[in-house]
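Novice: Going letter by letter, the sequence shown gives residues 654 to 905 in my numbering.
For glycine and all other residues, C-beta sits at the position ideal for the given N, C-alpha and C.
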Amino acid sequence: LNILLIGPSGVGKSTLINSILCLSENTKAPTSSNECCTKEIKEYTSYKYPFLRLYDSRGIEKDEKYDIKKMKKQIIDFINSKELTNDPDKYIHCIWYCMTGKRFEDIEKDCLIELSNLYDNSNLPIIVVYTQCLSKNDYLAFKNKIDNLQKNLISIDIMAEPYPIDIGDTNYIIQKKNLDTLLKISIEKAINAIKSSCYTSLKECTKKEIYTILKTKNDKLKVNVHNRIVTLIRKMDDNADEKQIISELLNI
Numbered sequence: 654l655n656i657l658l659i660g661p662s663g664v665g666k667s668t669l670i671n672s673i674l675c676l677s678e679n680t681k682a683p684t685s686s687n688e689c690c691t692k693e694i695k696e697y698t699s700y701k702y703p704f705l706r707l708y709d710s711r712g713i714e715k716d717e718k719y720d721i722k723k724m725k726k727q728i729i730d731f732i733n734s735k736e737l738t739n740d741p742d743k744y745i746h747c748i749w750y751c752m753t754g755k756r757f758e759d760i761e762k763d764c765l766i767e768l769s770n771l772y773d774n775s776n777l778p779i780i781v782v783y784t785q786c787l788s789k790n791d792y793l794a795f796k797n798k799i800d801n802l803q804k805n806l807i808s809i810d811i812m813a814e815p816y817p818i819d820i821g822d823t824n825y826i827i828q829k830k831n832l833d834t835l836l837k838i839s840i841e842k843a844i845n846a847i848k849s850s851c852y853t854s855l856k857e858c859t860k861k862e863i864y865t866i867l868k869t870k871n872d873k874l875k876v877n878v879h880n881r882i883v884t885l886i887r888k889m890d891d892n893a894d895e896k897q898i899i900s901e902l903l904n905i
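(1) Please report how far the alpha carbon of VAL782 lies from the alpha carbon of TYR772, in whole angstroms.
(2) How about the region 808-827 and the region 664-671: do they share at least three Cβ pairs that are nearer than 8 Å?
(3) Could you tell me which whole beta strand (DSSP E) segments of length 3 or greater appear in the region 753-839?
(4) Whole angstroms are fine: how far does the CA of ARG711 sit from the CA of PRO661?
(5) Report all residues from its chain with a CB closer than 8 Å to the CB of ASN831; omit the five preceding and five following residues, and keep chain order.
(6) Quick check: CYS764 and ILE826, are their CB atoms within less than 8 Å of each other?
(7) Measuring only the C-alpha atoms, how far is LEU793 from ASN824?
(8) Compute the beta-carbon to beta-carbon distance between PRO778 and ALA846, rounded to the nearest angstrom, for a pair I have assumed lies under 8 Å.
(9) Can you name the start and end residues of the beta strand (DSSP E) that LYS723 belongs to?
(10) Do LYS755 and TYR744 have their C-beta atoms closer together than 8 Å?
(11) Evaluate ASN655 with the Cβ neighbour count: other Cβ atoms within 10 Å of its Cβ, from every protein chain shown; 16 or more gives buried, anything less gives exposed.
(12) For LYS842, does the count of other Cβ atoms within 10 angstroms reach 16, so buried, or fall short, so exposed?
Right under this line is the structure:
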């Protein structure tokens, strides 16, 4: 599962990566609360989740010298480069768009809308991750702003590390929360997106093309194409009846 993290500088993308992957001091992503630590997209993995790759990207900044178009192009080129490998294991399967849950700047809104327009949620899920919502009311208020974009985005509030707050003379610690839920939702949405993509690939093969190839006298070609179709079907559903689906596709 390959997940790309996007969002403003200082919202906690690197902290989230370090917490989920349990990275050591020598391998963890650099963090900062107010400046960009990541200049290029970087991959992080760990023994805890061997199946998981998290990609940290450069933070979105409000600085006049910051080139938002260049940043968006970097992200789009990165996603496209993974698709060009034709290796599903290298594709980006999900995007975590990270926000503090305190402010929603125009530059963030524009970037989120553009990504939503580029990537249909059924093909590349985008999950909006609030990293610093300190109460349920904060979360609901911010979620409402995202829902008003009408982009059918998924939202979740998390706490990557214990967060101390002072209320009057009393000190409180908000504990880590919802990290496992975030992973579970990401896996479910990514699997559904892969199944949808596979079914689309099947439909793009015309009945005539499939029928012609399966009926060809070239046994090697027939077996290769048949196996490819079966593989796509299996990715849609492990329990699928490939003979029935192929018959339906061929309408025979």
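Specialist: The structure says:
(1) Straight-line spacing of the CA atoms in VAL782 and TYR772 works out to 17 Å.
(2) Short answer: they touch.
(3) Counting only runs of 3 or more, we get 779-783, 807-810, 816-820 and 823-827.
(4) Between the C-alpha atoms of PRO661 and ARG711 there is a straight-line separation of about 8 Å.
(5) So the list reads ILE809, ASP810, ILE811 and MET812, once near-sequence residues are dropped.
(6) Cβ atoms of CYS764 and ILE826: not closer than 8 Å.
(7) So the two alpha carbons sit approximately 24 Å from each other.
(8) With 8 Å as the limit, PRO778 and ALA846 qualify as a contact, their Cβ atoms being about 6 Å apart.
(9) From DSSP, LYS723 is part of no beta strand (DSSP E) but of the alpha helix (DSSP H) over 721-736.
(10) Cβ atoms of LYS755 and TYR744: not closer than 8 Å.
(11) By the neighbour-count definition (other C-beta atoms within 10 Å, threshold 16), ASN655 is a buried residue.
(12) Buried is the call here.
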